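Protein chains in written order, with the UniProt record's numbering: chain W, 1 to 143; chain G, 1 to 608. Backbone N, C-alpha and C define an ideal beta-carbon position, used for all residues, glycine too. All figures in this text were calculated on a predicted structure; none of them were measured in a lab. The block underneath contains the structure these notes are about, expressed in structure tokens.
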């Protein structure tokens, strides 16, 4: 490989390298690694758009019963920002749209969520919930 | 008998001289201990008048949390941690502070901050109102509002500033400028129908327009903006009364900043107030911060601006998110915000002269945080407890195991989201401790293990510390009630001479006439004479107050000053004594002597 070709490939290599380093040994992704510190999309998020990924996190208390939607948080979040005055969502959350009605998992139990990563602004017509990225066609399990 | 006396003297002389002959006399600990005693012997009490008073409050930063921050800071600097000295730990005077409230063995941040700003303890969840005022009792709060240190400082011609990494409408900063029957009344949407107490955001702006508050830097933007307005970062406002309080400040000649760039672009404020709202809610944790200033940077800006006033200033600077990280059960953010707080203290130390500036560093309350053992020195404070090396100094690198065969972190919580008791499908709680690795435990997002399952870890009623340097700092000693801190600051600010008559006249010491049947007002009737004599606009002010009641009654200020003079441990200004502080009688002029401004702003006018 000549130097010019190496330099051309370098950004792509770094992107893949960073993405790989952000993944756990079991291939899962930490929720926080989908965001940069300023809450813009990380390179990992950009590289994963449209792909099925597995994200570690915690299930925030569901917004409503019998729903196919929940919010994945990087740390246990017991409060419901829609229910308590003055509470706001953290910036770095991951809305999740599931295949089946959500069977809630306690807010402080680690879980893994598998879904297709979508990027782009979206307002849920049912809840009015705004999201900049989300997982769709999702399944989840404790662990 | 005489022989005995000579013998005792000789023995004393011999023991004194003999200290240097002890086998450990050349040990570094021995020598360092001697040096500390020498420094203490050389201490001179500063009994001058404090031109400036700075109150640092790290919310929820109890002794255990302060300890964890000390260890973390020391380890970040490459040491073992234990022997690290935080900036405020160099202060010459220290006290333990009892934080209970009039109805809470476990306090919250509202009455504790209020105790430090009014000299009076009160009920949980209320701010700067008489101890008899019950939570949510709007009318009683309006009638029972107390005078604040900020108002006294302003009446003495000083500038007043507030710095907080929490929302400016949150309890600790709100206690500098406002009063409320419920700490949650941060914007108009929380005010009950028929209640004429202004919300806290409106009170802050009113106090800025009235000239009491000169600088307020923190978070909480949403509470200042209408619901149909989206802020600079895309977040909607919360107000439903149509008021855009940011625009009101700007229209009144004030300056506004919302991120680090606009913060850096602030001009020297002159006589115009400065409002900076860096987040829709709380500012970011230090670990997550981007695009907004640190507490140290905000504190420096405040000191440099307020110091332009030749009469000096009162500044309250809060590290508000130490508390939030403890509530979350996340030690990493607790100590990283603790370090940010310590850096702000150091900044204030660097920018001020202890000869003329009293600095008190304290916390408002404790937390259900606890430290495990036995860990060897150098054990990472956010990680697992590593074993003591019997033959060495640093830990062995092997985690200590509990009876269940699993390691545990140095820090734990008695309750909180990190509980090992997990809710089961049938609603019961059951669990065993996870087997945690050092990598997991030291992850910034890790929640230390807790016992009792709760969504948010709780405060505790345990004492907090207070550290002081500067004029009258030596009054901070022993075990004191939290409201004594107000009296120390007032004593220092007035040089022990009491509030100047001119300033007292400018303060609101206003209440219904004696014999009105109002026990709050009647008890305080004797203290009103001085204020009433200078009243020029009492009736107008009362009329204005009925529309926008936003100012208050006062405690007997001379008594408060006298109490501060006598501040000798817990005997001074106990909850019972402070409970006698009552609103005074008679109408007075608005805070800044400007009735028109008072009417417009809903401030400065008094009445019930």
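Cβ of residue i less than 8 Å from any chain B Cβ?
| i | result |
| --- | --- |
| residue 52 of chain W | No chain B appears in the structure shown, which is made up of the protein chains W and G. |
Give a yes or no on whether the minimum CB-CB distance between residue i and chain W is below 8 Å.
| i | result |
| --- | --- |
| residue 392 of chain G | no |
| residue 267 of chain G | no |
| residue 455 of chain G | yes |
| residue 572 of chain G | Reliability fails at residue 572 of chain G, whose pLDDT of 30 lies under 50, so the model's placement of it is uncertain and the value that follows must be treated cautiously. Judged by the 8 Å Cβ criterion, residue 572 of chain G is not in contact with chain W. |
| residue 445 of chain G | yes |
| residue 422 of chain G | yes |
| residue 513 of chain G | Confidence is the limiting factor: at residue 513 of chain G the pLDDT is only 43, short of 50, which leaves the residue's position unreliable and the question unanswerable from this model. |
| residue 417 of chain G | yes |
| residue 557 of chain G | With a pLDDT of only 33 at residue 557 of chain G, under 50, the local geometry of the prediction cannot be trusted, and the value read off the model is given with reservation. So no, residue 557 of chain G is outside the interface. |
Grab the span of the beta strand (DSSP E) containing residue i for me, first residue to last.
| i | result |
| --- | --- |
| residue 464 of chain G | 464-469 |
| residue 109 of chain G | Element bounds for residue 109 of chain G: not the beta strand (DSSP E) but the alpha helix (DSSP H), 109-118. |
| residue 95 of chain W | 93-98 |
| residue 144 of chain G | No beta strand (DSSP E) contains residue 144 of chain G, which DSSP labels as neither H nor E. |
| residue 316 of chain G | 313-319 |
| residue 159 of chain G | 159-167 |
| residue 56 of chain G | 52-58 |
| residue 611 of chain G | Since the displayed chain G opens at 1 and closes at 608, residue 611 of chain G lies outside it and no answer follows. |
Is the CB of residue i under 8 Å away from at least one CB in chain G?
| i | result |
| --- | --- |
| residue 123 of chain W | no |
| residue 56 of chain W | no |
| residue 26 of chain W | no |
| residue 38 of chain W | yes |
| residue 71 of chain W | no |
| residue 76 of chain W | yes |
| residue 112 of chain W | no |
| residue 106 of chain W | yes |
| residue 96 of chain W | no |
| residue 134 of chain W | no |
| residue 102 of chain W | no |
| residue 83 of chain W | Low local confidence applies: a pLDDT of 49 at residue 83 of chain W is under 50, so the model's placement there is unreliable, with the coordinate-based value given in what follows. Residue 83 of chain W does not count as touching chain G. |
| residue 99 of chain W | no |
For the alpha helix (DSSP H) holding residue i, just list the boundary residues, first then last.
| i | result |
| --- | --- |
| residue 76 of chain G | 63-76 |
| residue 488 of chain G | 484-494 |
| residue 177 of chain G | 171-177 |
| residue 331 of chain G | 331-351 |
| residue 215 of chain G | That residue, residue 215 of chain G, is in no alpha helix (DSSP H); its beta strand (DSSP E) goes 215-219. |
| residue 34 of chain G | 28-41 |
| residue 303 of chain G | 295-306 |
| residue 248 of chain G | 245-251 |
| residue 440 of chain G | 438-441 |
| residue 149 of chain G | 149-155 |
| residue 205 of chain G | 200-209 |
| residue 506 of chain G | 501-506 |
Any idea which residues DSSP pairs residue i with across the strands?
| i | result |
| --- | --- |
| residue 59 of chain W | W:72 |
| residue 459 of chain G | G:367 |
| residue 52 of chain W | W:116 |
| residue 139 of chain W | W:114 |
| residue 415 of chain G | G:452 |
| residue 647 of chain G | With chain G running from 1 to 608 in the structure shown, residue 647 of chain G is simply not present. |
| residue 480 of chain G | G:97 |
| residue 257 of chain G | G:276 |
| residue 429 of chain G | G:423 |
| residue 407 of chain G | G:401 |
| residue 434 of chain G | In the DSSP output, where bridge partners are listed per residue, residue 434 of chain G has none listed. |
Is there at least one non-hydrogen atom of the ligand ZN closer than 7 Å to the beta-carbon of residue i?
| i | result |
| --- | --- |
| residue 440 of chain G | The ligand content of the structure shown is nil, which means the ligand ZN is not present either. |
Please look up how many angstroms separate the CB atoms of residue i and residue j, rounded, as I've assumed it's under 8 Å.
| i | j | result |
| --- | --- | --- |
| residue 127 of chain W | residue 70 of chain W | About 11 Å separates the two Cβ atoms, so there is no contact after all. |
| residue 39 of chain W | residue 98 of chain W | Wrong, their Cβ atoms sit about 24 Å apart, outside the cutoff. |
| residue 299 of chain G | residue 239 of chain G | Between residue 239 of chain G and residue 299 of chain G the Cβ distance is about 29 Å, and since that is not below 8 Å, they are no contact. |
| residue 292 of chain G | residue 259 of chain G | 6 Å |
| residue 313 of chain G | residue 159 of chain G | 4 Å |
| residue 638 of chain G | residue 75 of chain W | Only positions 1 to 608 of chain G appear in the structure, and residue 638 of chain G is not among them; the question remains open. |
| residue 116 of chain G | residue 162 of chain G | About 13 Å; that fails the 8 Å criterion. |
| residue 109 of chain W | residue 135 of chain W | Not confirmed; about 18 Å, so no contact. |
| residue 175 of chain G | residue 268 of chain G | About 28 Å separates the two Cβ atoms, so there is no contact after all. |
Chain W contacts from the segment 284-307 of chain G (Cβ-Cβ distance under 9 Å): 284, 288, 289, 290, 291
Contact residues within the segment 328-361 of chain G, judged by C-beta distance below 7 Å to chain W: 328, 330
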